[in-house]
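Residue numbers (our numbering): 10 to 534.
Written out below as structure tokens is the structure these notes cover.
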């Protein structure tokens with residue numbers, strides 16, 4: 010283990026700023042691909058689901074399927090990064106992503122699209138986890154804040170450019186929505202080539218390698234069962250029913266078995282000895298809350314502007330710019346300040362508080378709210394996201410030795426993605442139930458029997474003008490409720506951030522051998 014740390018440190022020591030940037034170029038392209046796969050369809054999704062005649066529940070699951078697959082596979086990718094060549098793993102993730110993107114583009118119905126997006130999510134999970142692992146392997150924590158600005162820029166380009174690009178694609182007749190999935194393929198291929206040419210990493214081989222597939226499978230199965238239950242409860246079956254009892258009990262049993270497996274296996278996919286320490290545990294709780302609030306809330310902004318306000322996909326993409334500008338500015342500024350001072354807790358605490366304030370602002374909007382008011386609230390949310398997401402990962406990376414870097418980083422990413430998956434699924438279910446009830450009232454039909462004929466309510470162009478007006482009002486007003494729920498969840502993140510111990514980022518790649526044990530004890534206490 011000493012050899013690994015020494016090798017990594019030595020190789021890093023020989024890298025100047027320019028060499029680091031060259032190595033980062035392919036990684037940032039890969040991260041761009043992973044992020045743009047979600048954002049490029051965010052503004053186009055209402056039209057995609059409408060053209061495939063899908064439902065609000067299916068709309069939610071097109072997003073949830075990718076997040077769930079990414080969540081389930083993230084810890085596996087992280088563990089593999091501790092055992093095998095990280096560069097090769099990133100390239101494998103890119104190949105999986107490309108295949109999933111192509112299948113998604115050729116989907117003929119919502120069922121096929123959901124399945125293809127789930128497969129694509131396996132690659133997305135790898136890219137999200139591995140990019141941060143590789144960056145941590147070549148840049149010390151204290152210097153990493155400086156490079157978080159580049160990560161923030163990529164996030165901003167993906168989150169601003171993605172919706173705009175997706176909107177333009179579906180608004181151009183000779184392209185069509187299928188190109189929302191095809192467009193990421195050339196970027197992914199470019200990332201693969203750049204990584205091959207610029208990224209140089211030592212191959213670390215360990216004997217008796219074991220990957221905890223059973224633990225990962227149990228976690229994925231348990232989470233999936235509970236999310237499926239959330240999507241259908243209160244609609245397909247009642248809260249108090251045999252289906253609820255079976256699915257909730259089954260999901261809990263699977264997760265309990267996963268914990269038991271993680272305690273016994275030699276190479277756990279979620280290492281309990283790391284995630285139960287104070288700093289990682291609190292960072293994970295905060296990441297879970299931030300993920301729920303951010304993913305769950307942001308996913309439905311594009312739908313709010315299009316279905317609730319009647320804007321085109323391109324216009325909806327432009328209207329989300331304040332959110333992404335907030336992410337870019339705050340991640341860049343906070344990253345440089347953290348590198349300069351070495352202190353990270355104040356920025357995480359401030360970020361979580363700002364995030365809650367932003368969602369409270371969005372919770373006040375309806376179908377007629379002034380756009381400037383919506384824009385300010387989105388910008389505040391973006392500032393909160395930029396100050397928390399990457400810095401929570403950095404706080405955990407600072408507390409663990411290099412040999413556990415992959416598992417620790419992936420654990421935080423895993424729980425953040427899990428929070429996002431739960432957020433999208435739960436908030437999507439709340440929105441679907443609310444919309445169904447409000448449409449029933451507005452159309453003067455019995456509750457639960459709201460109908461717009463054989464046409465999906467999301468396919469606005471195919472609806473009569475008077476029904477379009479009703480759908481605009483119902484969606485515009487109902488969306489505020491899920492933002493209020495996001496704010497409530499964000500409060501958990503604030504509490505977790507406040508309980509974090511103040512820490513100073515180290516300037517070395519690995520924990521110093523002489524201080525590793527005491528540092529661990531201090532963190533745990």
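The C-beta atom is built at its ideal place from N, Cα and C for all residues, glycine as well.
Keep in mind the model is a prediction, meaning the values are calculated, not measured.
Neighbour-count burial assignment, residue i, 16 or more Cβ in a 10 Å radius
i: residue 247; result: exposed
i: residue 458; result: Unreliable placement is indicated for residue 458, whose pLDDT of 49 sits below 50; no coordinate value is reported for it.
i: residue 120; result: exposed
i: residue 118; result: exposed
i: residue 535; result: Any question about residue 535 goes unanswered here, given that the chain covers just 10 to 534.
i: residue 107; result: buried
i: residue 251; result: exposed
i: residue 314; result: buried
i: residue 380; result: exposed
i: residue 460; result: With a pLDDT of 48 at residue 460, under the threshold of 50, the predicted position of this residue should be treated as unreliable, and no value is reported.
i: residue 23; result: Residue confidence for residue 23 is low, a pLDDT of 45 falling below 50, so the modelled location carries little weight; the figure read from the coordinates is stated next. Result: exposed.
i: residue 375; result: exposed
i: residue 202; result: exposed
i: residue 277; result: buried
i: residue 323; result: buried
i: residue 208; result: buried
i: residue 292; result: buried
i: residue 229; result: buried
i: residue 55; result: buried
i: residue 474; result: exposed
i: residue 254; result: exposed
i: residue 448; result: buried
Reference residue i, options the options, closest by Cα
i: residue 439; options: 422, 234, 65 and 187; result: 65
i: residue 132; options: 43, 345 and 364; result: 43
i: residue 299; options: 77, 284, 395 and 445; result: 395
i: residue 280; options: 37, 84 and 68; result: 84
i: residue 398; options: 27, 337, 275 and 81; result: 337
i: residue 311; options: 325, 304 and 237; result: 325
i: residue 204; options: 351, 422, 96 and 30; result: 96
i: residue 378; options: 481, 348 and 342; result: 481
i: residue 196; options: 287, 474, 142 and 46; result: 46
i: residue 67; options: 124, 87, 94 and 342; result: 124
i: residue 490; options: 476, 369, 451 and 383; result: 369
i: residue 60; options: 513, 495 and 472; result: 472
i: residue 179; options: 114, 147, 31 and 422; result: 114
i: residue 477; options: 451, 138, 152 and 237; result: 451
i: residue 286; options: 237, 27, 406 and 304; result: 406
i: residue 149; options: 448, 442 and 351; result: 351
i: residue 272; options: 225, 139 and 254; result: 225
i: residue 127; options: 366, 495 and 77; result: 77
i: residue 170; options: 410, 328 and 112; result: 328
Beta-carbon gap between residue i and residue j smaller than 7 Å
i: residue 424; j: residue 227; result: no
i: residue 172; j: residue 321; result: no
i: residue 539; j: residue 136; result: It is not possible to answer for residue 539, since the shown part of the chain is limited to 10 through 534.
i: residue 386; j: residue 371; result: yes
i: residue 98; j: residue 89; result: yes
i: residue 484; j: residue 316; result: yes
i: residue 435; j: residue 239; result: yes
i: residue 35; j: residue 82; result: no
i: residue 189; j: residue 176; result: no
i: residue 103; j: residue 200; result: yes
i: residue 163; j: residue 33; result: no
i: residue 231; j: residue 269; result: no
i: residue 362; j: residue 194; result: no
i: residue 392; j: residue 339; result: yes
i: residue 8; j: residue 38; result: This structure cannot speak to residue 8, because the chain is shown only from 10 to 534.
Distance between beta carbons of residue j and residue i, contact taken as under 8 Å
i: residue 506; j: residue 357; result: 5 Å
i: residue 353; j: residue 501; result: Residue 353 to residue 501, Cβ: 19 Å. No contact.
i: residue 75; j: residue 130; result: 4 Å
i: residue 420; j: residue 284; result: 5 Å
i: residue 183; j: residue 53; result: So it is not a contact: roughly 15 Å between Cβ atoms.
i: residue 260; j: residue 223; result: With a Cβ gap of about 17 Å, residue 260 and residue 223 do not count as contacting.
i: residue 69; j: residue 430; result: With 8 Å as the limit, residue 69 and residue 430 do not qualify as a contact, their Cβ atoms being about 11 Å apart.
i: residue 418; j: residue 79; result: That belief does not hold up - the Cβ atoms of residue 418 and residue 79 are roughly 14 Å apart, past 8 Å.
i: residue 509; j: residue 404; result: 7 Å
i: residue 289; j: residue 408; result: 6 Å
i: residue 309; j: residue 445; result: In fact, because the Cβ distance is near 16 Å, the residues do not count as touching under 8 Å.
i: residue 335; j: residue 389; result: 7 Å
i: residue 110; j: residue 241; result: The pair is not a contact, with the Cβ atoms about 28 Å apart (cut-off 8 Å).
i: residue 274; j: residue 221; result: 5 Å
i: residue 301; j: residue 432; result: 4 Å
Bridge partner(s) assigned by DSSP for residue i
i: residue 284; result: In DSSP, residue 284 forms no bridge with anything.
i: residue 246; result: 242
i: residue 126; result: Residue 126 pairs with nothing; no bridge assigned.
i: residue 352; result: 513
Cβ-heavy atom distance, residue i to the ligand HEM, below 6 Å
i: residue 324; result: With respect to small molecules bound, the structure shown includes none, and the ligand HEM cannot be examined in it.
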